[in-house]
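Residue numbers (our numbering): 575 to 1040. One structure is given here, and the rest of the page talks about it.
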């Protein structure tokens, strides 16, 4: 089945057209904004180079000043300047091995599927002896919301010992030539469906935050059309399924501003010499400004503490700061079409819970989901996706029997803690693995129409296409 093709075209009177977004409303300030940012960044290059050289000078143990308060203060000041003005590139995964069954197993990261805006990575484990316990295949759909997929490094490291893992590695829009065409929310759903086709039936899907909506939409469309490559289960974590539930500051901001404000103020064009020159995007540097503004006091304190650690010579604390902010400050541009359509559909129109969401003109109906088990996970203190927003999927998937649905609310964690950190490792990840094993199909393709093997984790039901 080709991307974006779902069998028969719906009757014209049944088609509900998705909200259109125009990219022509950008203000006179927004249009050249990216170009001005690049100019300012380039102008600081000589100062960054001088600051880095000065930092090395004052840190050199052979320099007597490096052992004085003046030298340590100068070194710390120059490092803070360099770090706060640099551009942070895409971080490395840094996953070379994993412990499975008490044995260290080498890991190779390979690209197994690729499109202009996304790569599907496989964390291939090279076993000397295959483990006896099942290793269900799982694809993590990473959020396309500003940070790189490496933000889920901790998620991958936690799940990798028990799963054959894949992850979507979204491409920075500024690196995609304009000749590749636009990328919208509809295209995102197409990508998810094509990934499911590539991996075949029986894979387990885990969506973190933003992809909860497109993953649920993709599964709903596939189920309605009897697609044999639907996943065995989907785990939706901290996702904005219904942002009318416990709305957060992010939700209120989107509704109060409206789509026209975002079109005028945050959409700009990629400048030369980037590969995506003239592509319209929501740029990463603006997103980072928004991320920082939400917790500005915390970030200022963290950097002040970092300066103090450097002056005192507390290398461990400084290293932890660098590790966190090297990831946090690495941001990517989002395609304008995708950003605006998502904003309109998910946060302003609440189209999915209202039953008006469409994909390529066809209605997205989660009640058509009958064979894909559902686990929803929320954090008690989540200030991005409030309590109840992800759980709303349980109500929307009304055709799923109770023994194929589960919900878990993790106490005391915020948004990041839903998919990373000590509580994720100790309390959330074991529940995910248990749920996946409970609904694992024996092997790839057992949900195909020509299969005689029951498909469910309990072996008592088959997909509607049979």
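Just so you know, even glycine gets a beta-carbon here, dropped at the ideal spot from N, CA and C. Since we're looking at a predicted model, the values are computed, not measured.
message = With a threshold of 6 Å on Cβ separation, who are the neighbours of residue 1043 within its own chain once the five nearest residues in sequence on each side are excluded?
response = The displayed coordinates of the chain run from 575 to 1040. Any statement about residue 1043 would go beyond what the structure contains.
Assumed close pair residue 909, residue 844 - CB separation to whole angstroms, cut-off 8 Å = As a working mapping, residue 909 is identified with position 335 in the chain shown. As a working mapping, residue 844 is identified with position 270 in the chain shown. With a beta-carbon spacing of about 10 Å, residue 909 and residue 844 fall beyond the 8 Å limit used to define contacts.
query = The beta strand (DSSP E) spanning residue 983 covers which residue range?
reply = For the purposes of this step, residue 983 is identified with residue 409 of the chain shown, where counting begins at 1. If you look at residue 983, you'll find it in the beta strand (DSSP E) that goes 979-984.
request  = Determine, using beta carbons only, whether residue 836 and residue 796 come nearer to each other than 8 Å.
outcome  = On the chain shown, position 262 is the one that residue 836 refers to. On the chain shown, position 222 is the one that residue 796 refers to. For residue 836 and residue 796, no; Cβs fall outside 8 Å.
key: Residue range of the beta strand (DSSP E) that includes residue 846   = The residue you call residue 846 lines up with position 272 of the chain shown. Counting along the chain, residue 846 falls outside any beta strand (DSSP E), and DSSP gives it neither H nor E.
key: Helix, strand or coil at residue 988 [DSSP, three-state]   = Counting from one through the chain shown, the residue named residue 988 turns up at place 414. Residue 988 carries a coil assignment under DSSP once its states are collapsed to helix, strand and coil.
query = Hey, out of 679, 718 and 714, whose CA is closest to residue 701's CA?
reply = Residue numbering aside, residue 701 sits at position 127 when the chain shown is read from its first letter. When each option's Cα is compared against that of residue 701, the closest is 679.
Local Cβ density within 10 Å of residue 959, reported as buried at 16 or more and exposed below that = As a position in the chain shown, residue 959 is number 385, starting the count at 1. Buried, by the Cβ-count rule.
query = Where are the beta strand (DSSP E) runs, 3 residues long or more, that stay fully inside the region 655-743, in chain order?
reply = 671-674, 677-689, 692-699 and 711-715, all fully within the region 655-743.
inquiry  = When you compare the region 989-1008 with the region 724-731, are there three or more beta-carbon pairs, one atom per stretch, that lie closer than 8 Å?
reply    = Yes, they touch.
inquiry  = Which residue marks the beginning of the alpha helix (DSSP H) containing residue 968, and which one marks its end?
reply    = What you label residue 968 is simply residue 394 of the chain shown in a count that begins at 1. Looking at the DSSP string, the run of the alpha helix (DSSP H) that includes residue 968 is 966-970.
task = Grab the span of the alpha helix (DSSP H) containing residue 871 for me, first residue to last.
result = On the chain shown, residue 871 is found 297 positions in, with the first residue counted as 1. First-last of the alpha helix (DSSP H) with residue 871: 870-886.
inquiry  = Closest to residue 806 by C-alpha separation, out of 793, 817 and 813, would be which residue?
reply    = Locating residue 806 in the chain shown gives position 232, where the first residue counts as 1. Ranking the options by Cα distance to residue 806, first place goes to 793.
request  = Would you identify the three-state DSSP class for residue 924, choosing helix, strand or coil?
outcome  = Here residue 924 is taken as the residue at index 350 of the chain shown, counted from 1. In the three-state DSSP reduction, residue 924 falls in the coil class, being neither helix nor strand.
task = For residue 1017, count neighbouring C-beta atoms within 10 Å of its own C-beta (all shown protein chains included) and say buried if the count is 16 or more, exposed if not.
result = Here the question's residue 1017 lines up with position 443 in the chain shown. For residue 1017, the predicted structure reports a pLDDT of 49, less than 50, and the residue's modelled location is therefore unreliable. A value from the coordinates is still provided. Residue 1017 is exposed by the Cβ-count criterion.
Beta-carbon contacts of residue 898 that lie in its chain and below 7 Å, excluding the five residues immediately before and after = By 1-based counting over the chain shown, the position of residue 898 is 324. Annotation for residue 898: no residue places its beta carbon closer than 7 Å to its own, counting only its chain and skipping 5 residues before and after.
query = How far does the beta strand (DSSP E) with residue 950 in it reach, from first residue to last?
reply = The residue given as residue 950 occupies position 376 in the chain shown. Where residue 950 is concerned, the enclosing beta strand (DSSP E) starts and stops at 947-953.
ask   = With 16 as the cutoff for other CB atoms within 10 Å, does residue 623 come out buried or exposed?
value = In the chain shown, the residue the question calls residue 623 occupies position 49. Its Cβ having fewer than 16 others within 10 Å, residue 623 is exposed.
query = Among 989, 902, 749 and 966, which has the Cα closest to the Cα of residue 981?
reply = Within the chain shown, the letter at position 407 stands for residue 981. It is 966.
key: Same chain, Cβ closer than 8 Å to residue 656, neighbours up to 5 away in sequence not counted   = Counted from its first residue, the chain shown places residue 656 at position 82. 622, 625, 626 and 629.
inquiry  = Would residue 1051 and residue 858 qualify as a contact pair, given that the criterion is a beta-carbon distance under 8 Å?
reply    = Missing from the structure shown is residue 1051; the chain here goes from 575 to 1040 and no further.
key: Span separating the alpha-carbon of residue 962 from that of residue 818   = Stepping through the chain shown from its first residue, residue 962 is reached at position 388. Stepping through the chain shown from its first residue, residue 818 is reached at position 244. Taking the Cα positions, residue 962 is about 9 Å away from residue 818.
ask   = For residue 759 versus residue 788, is the C-beta distance shorter than 8 Å?
value = In the chain shown, the residue the question calls residue 759 occupies position 185. In the chain shown, the residue the question calls residue 788 occupies position 214. Remark: C-beta atoms of residue 759 and residue 788 approach each other more closely than 8 Å.
key: Rounded Cβ spacing between residue 833 and residue 791 (contact assumed at less than 8 Å)   = Counting from one through the chain shown, the residue named residue 833 turns up at place 259. Counting from one through the chain shown, the residue named residue 791 turns up at place 217. Rounded, the Cβ-Cβ distance is 20 Å, inconsistent with contact.
ask   = Considering only residues of the same chain and omitting the five flanking positions on each side of residue 732, which have a CB-CB separation below 7 Å?
value = Counted from its first residue, the chain shown places residue 732 at position 158. Close CB contacts of residue 732 within its chain, under the 7 Å cut and outside five residues either way in sequence, are with 998, 999 and 1003 (chain order).
query = Between which two residues does the alpha helix (DSSP H) harbouring residue 778 extend?
reply = On the chain shown, position 204 is the one that residue 778 refers to. Unbroken run through residue 778 is the beta strand (DSSP E), 778-782; no alpha helix (DSSP H).
task = Confirm, please, whether the CB-CB distance from residue 946 to residue 809 is below 8 Å.
result = The sequence position of residue 809 within the chain shown is 235, counting from 1. The sequence position of residue 946 within the chain shown is 372, counting from 1. No, Cβ-Cβ distance for residue 809 and residue 946 is not below 8 Å.
key: Three-state secondary structure assigned by DSSP to residue 936   = To locate residue 936, count along the chain shown from 1; it is residue 362. The three-state reading of DSSP puts residue 936 in strand, counting E and B together.
inquiry  = For residue 861 and residue 984, I'd like the C-alpha separation in whole angstroms.
reply    = Here residue 861 refers to the residue found at position 287 when the chain shown is read from its first residue. Here residue 984 refers to the residue found at position 410 when the chain shown is read from its first residue. If you draw a straight line from the Cα of residue 861 to the Cα of residue 984, it comes to about 28 Å.
query = Hey, is residue 751's beta-carbon within less than 8 Å of any beta-carbon in chain B?
reply = Absent from the structure is chain B; it holds one protein chain and no more.
request  = Excluding the 5 residues preceding and the 5 following residue 730 in the sequence, name in chain order all residues of the same chain whose CB lies nearer than 8 Å to its CB.
outcome  = Mapped onto the chain shown, residue 730 falls at position 156. Within the same chain, residue 730 has close Cβ partners 667, 669, 697, 714, 739 and 741.
Those runs of the beta strand (DSSP E) which lie wholly inside the region 782-840 and span at least 3 residues = Counting whole runs of 3 or more residues, the region 782-840 contains the beta strand (DSSP E) stretches 807-811.
key: Option in 944, 687 and 746 with minimal Cα separation from residue 973   = Position 399 of the chain shown, counted from the start, is the residue given in the question as residue 973. Cα-wise, what sits closest to residue 973 is 944.
task = Pull up the DSSP beta-bridge partners for residue 908, would you.
result = Locating residue 908 in the chain shown gives position 334, where the first residue counts as 1. Residue 908 pairs with 856.
Check whether residue 748 and residue 850 have beta carbons under 8 Å apart = In the chain shown, the residue the question calls residue 748 occupies position 174. In the chain shown, the residue the question calls residue 850 occupies position 276. Yes; because the gap between Cβ atoms is below 8 Å, this pair is in contact.
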